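Some notes on the structure that comes next.
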Amino acid sequence: MITLTIFPEAFGEPSASPFCMKAWCMLHAAGLPFELNVTPDPRKAPKGKFPIIELDGVAIADSEQIRTHIEAISGRDFDEGLSARERAVSQSLIRMVEEHVYFAILMDRWGEDDNWAHVRRVFFSDFPWILRGMITRVARKQALQGLQGQGMGRHTAEERFDRARRDMMAIREILGDKPFLFGDQPTAADYSVVPMLRAAIVTPVTKPLGQFIKDDPALMAYVTRGTDRLYPTGV
147 MITLTIFPEA FGEPSASPFC MKAWCMLHAA GLPFELNVTP DPRKAPKGKF
197 PIIELDGVAI ADSEQIRTHI EAISGRDFDE GLSARERAVS QSLIRMVEEH
247 VYFAILMDRW GEDDNWAHVR RVFFSDFPWI LRGMITRVAR KQALQGLQGQ
297 GMGRHTAEER FDRARRDMMA IREILGDKPF LFGDQPTAAD YSVVPMLRAA
347 IVTPVTKPLG QFIKDDPALM AYVTRGTDRL YPTGV
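Residue 147 is where the sequence shown starts when you use the working numbering, and the numbers rise one by one after that.
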């Protein structure tokens, strides 16, 4: 039996992390039986992050490595039917949202004081109150240092939004009038993009990125379709 370890629910999402939702949705779509292990503390995870899956004593970290493993053991190709060019565009989309848009969302949550108040309360509620203040200060400091090193933390809020807005426009252009990014059926890129857009719009204090998505009929219709199709029922 596969065990999927994820962060707890937050802000209306079954897991706080879009990467955890990606892994959860892919396991569900592949029809593989699995158990959920929910914990807020990733310090003992192989890469210090979630999601991870464990099978026969082997732990696999990182949502893309998990995808590769799911495809290998289930025989499913999440990009089935795509041309070589479409697969290349799909890979680019995945990298765009996971290595760029994600960090804009992190800055909206961890870097903005109004949202940080909600993140601190929701993400750290399971930690002993006597340690919570110290833990949250250290966690935020480390997160912001990481964002500074990655680069997103060096931009103003207006600059971050302008960069992410261009990504949203690219997604909208690729989507066109199709139900999903590459046609009638969801493919690997949808499993990355839908949870990421949801993460932007459920951030407690709506920021310009989340508002842009909410105000765009095509993107919101896509998020709704993707949620209905990809997310496991009952979550």
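We put the beta carbon where it would ideally sit given N, CA and C, even for glycine.
These numbers come from a predicted model, not from an experiment.
Helix or strand or just coil, what does DSSP make of residue i?
| i | result |
| --- | --- |
| Leu327 | coil |
| Glu304 | helix |
| Phe157 | coil |
| Asp254 | helix |
| Ala162 | coil |
| Leu178 | coil |
| Ala191 | coil |
| Val351 | coil |
| Pro363 | helix |
| Thr373 | helix |
| Leu343 | helix |
| Leu228 | coil |
| Gly356 | helix |
| Asp223 | coil |
| Thr214 | helix |
Name the residue from the options whose alpha carbon lies nearest to the alpha carbon of residue i.
| i | options | result |
| --- | --- | --- |
| Gly221 | Ala175, Ala310, Ala346 | Ala175 |
| Ala191 | Ala205, Leu201, Leu182, Glu181 | Ala205 |
| Tyr248 | Ser163, Ile317, Gly322 | Ser163 |
| Val184 | Leu178, Met172, Pro197 | Pro197 |
| Ile359 | Pro274, Met314, Ile251 | Met314 |
| Glu217 | Ala156, Ala169, Phe157 | Ala169 |
| Met365 | Ile347, Val351, Arg375 | The sequence shown places Leu at residue 365, rather than the Met named in the question. For Leu365, the nearest C-alpha among the options comes from Ile347. |
| Arg312 | Met242, Thr151, Ala230, Phe224 | Met242 |
| Ala156 | Pro363, Leu376, Thr349 | Thr349 |
| Phe165 | Gly177, Gly299, Arg213, Asp272 | Arg213 |
| Val351 | Ile219, Gln291, Asp259 | Asp259 |
| Ile152 | Pro325, Gly227, Gly203, Ser209 | Ser209 |
| Ala207 | Phe224, Arg286, Ile219, Pro188 | Pro188 |
In this structure, what does DSSP give as the bridge partners for residue i?
| i | result |
| --- | --- |
| Ala207 | Ile198 |
| Asn183 | Thr151 |
So with Cβ pairs under 8 Å, would you call residue i a contact of chain D?
| i | result |
| --- | --- |
| Lys190 | The chain labelled as chain D is not found in the depicted structure, where only one protein chain is given. |
Check: Are at least three pairs of beta-carbons, each pair with one atom in the region 327-347 and one in the region 355-372, less than 8 Å apart?
Finding: A contact between stretches requires three or more CB pairs, one per stretch, nearer than 8 Å, and the region 327-347 meets this requirement with the region 355-372.
Notebook entry, point to check: Do the region 306-317 and the region 344-358 touch if we need at least three Cβ pairs shorter than 8 Å?
Noted result: Yes: at least three Cβ pairs fall under 8 Å.
Note to self: Under 8 Å: do the region 325-339 and the region 234-253 share three or more Cβ pairs, one atom per stretch?
What the structure shows: A contact exists between the region 325-339 and the region 234-253.
Note to self: So, does the region 249-257 touch the region 320-331, judging by three or more C-beta pairs under 8 Å?
What the structure shows: As far as the Cβ criterion goes, the region 249-257 does not touch the region 320-331, which means the pair count is below three.
Notebook entry, point to check: Which ranges does the alpha helix (DSSP H) cover as unbroken runs of at least 4 residues, wholly within the region 267-305, from first to last along the chain?
Noted result: Runs of the alpha helix (DSSP H) inside the region 267-305: 275-296.
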